[in-house]
Structure formats: C-alpha cells, structure tokens
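First residue of the sequence shown? That's 7 in our numbering, and the numbers climb one at a time after it. Cβ atoms here follow ideal geometry from the backbone N, Cα and C, with glycine treated the same way. Just so you know, these numbers come straight off a predicted model, no measurement behind them.
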Amino acid sequence: ILSYSTIELEKFKGAVSSMKGALGILDNMRNTITNEIQTSNQGRQDLKEQVEKKFGKLKELMANEEMASQIALEMDGTGIHIRLGDNILFDPGKAELKPAAFPILKAVAEVVKDDFKQIFVEGHTDNVPIHTAKYPSNWELSAARALSVVRYLHYVQGIDASRLAAVGYGEYRPLVPNTTPENRAKNRRVEIYIRFNE
C-alpha cells in the first residue's frame, strides 16, 4: 500500500508540474496573440490613414477635371474605387482611349504609383447589343476597354504589370436597370479598384 501511495504521489507531482508548464505556455501564447492583434490593429489604422490621404488627393485632382460629374470616388477599409463614365474615356463602340482620358488616368497613377498592392480595372457596358468585326459582343468591348486602361497605366505611367489586372463584365453587372438612355449611360463605365498594402 505504501509503495502504491508513493507511486501515486509521484504521478500527482508530475501532473502538477506538467500543468504549470502548460499554463506557462498558454500565458506565452496569450501574450503573443495579444501582441499580434495590437500590431494588426495598428496596421489597419495606418492603412486607413494612408487610404484617406490618397482619397483626399484624388478628390482634389478629379475636382479640377472638366467632366467631374462623370467621375465617382468611393473609399472602403482597404482601398479606393473610381468609377469613370465611358464617354470621357472612349468613343461609342470603341476601346481606344480618348485624349480626355489621359489627365484623369495620369492623376490616378501619380497618386498610387509607389504605394499600392493591386489595381483591378473593370469594363462595363449597357445591354444594347454590339456586333462588329472587332467586337462580336459587349464582353469583348468591355474587356478591350479595361485592357486599354491597363496598358496605359503600365506602358505610359510605368506601373508594374504584375500588379495590374483587367476584366470585362459586359452588360452583366449594371449599376441601374437598362430601362432608359440615362440609365444605360450610367452602366457604360470603367471601374478602377486600387487596393493598398495591408
């Protein structure tokens, strides 16, 4: 009986020692997690300030453009959305950038050139069918327009191609129903989403 009690006592001491060690590890883990959360929160706050600063500068630049009514800017926690009406960038049914587009896109590039993670460019059309030798559908037209913007940002403004992406949505993501000429004009657009480093 005495021998059995001694063995059980040793097991109990070992268990207590293990628990102390585990609690120490848990304390260290808790401290590490707390530090990571604080660092992450600080990073988010820094990102928010950075985005707000860029957003303010873009608003100033866009306000000076003659067709500012066709430019919309929005900001969220990770970046800036820029919506540009198609007629300030392109002629109807075409995907070559008009000269009026260059100062706007240059302003975008100058504000974000060295300090962003990704730029996504989206082309959108209304639902009026297009069928030409060059663009058999609105998909091709919207994709070609997005690519024109991406090409300009890369080849003219020197933005790293690995951080640029273009996509054509055609008529399939309208802002408003395509029920009036005014609504169709709103749906013909290019959207640029600038995602800043996190």
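Distance, residue j Cα to residue i Cα
i, j, result
"residue 91", "residue 141", "20 Å"
"residue 175", "residue 127", "11 Å"
"residue 200", "residue 135", "30 Å"
"residue 124", "residue 158", "15 Å"
"residue 171", "residue 156", "7 Å"
"residue 81", "residue 122", "14 Å"
"residue 139", "residue 111", "28 Å"
"residue 96", "residue 163", "19 Å"
"residue 86", "residue 62", "11 Å"
"residue 83", "residue 77", "20 Å"
Nearest to residue i (by Cα), restricted to the options the options
i, options, result
"residue 173", "150, 159, 190", "150"
Counted within 10 angstroms of its Cβ, other Cβ atoms place residue i as buried (16 or more) or exposed
i, result
"residue 60", "buried"
"residue 130", "buried"
"residue 102", "exposed"
"residue 203", "exposed"
"residue 55", "exposed"
"residue 104", "exposed"
Integer Cβ distance of residue i from residue j, believed to fall under 8 Å
i, j, result
"residue 190", "residue 132", "4 Å"
CB contact below 9 Å: residue i versus chain C
i, result
"residue 75", "Absent here is chain C; the protein component of the structure consists of one chain."
### Message
Is it the case that the region 105-123 contacts the region 177-184, given that we only count it when at least three CB pairs across the two stretches are under 8 Å?
### Response
The region 177-184, when compared against the region 105-123, does not touch it at the 8 Å Cβ threshold.
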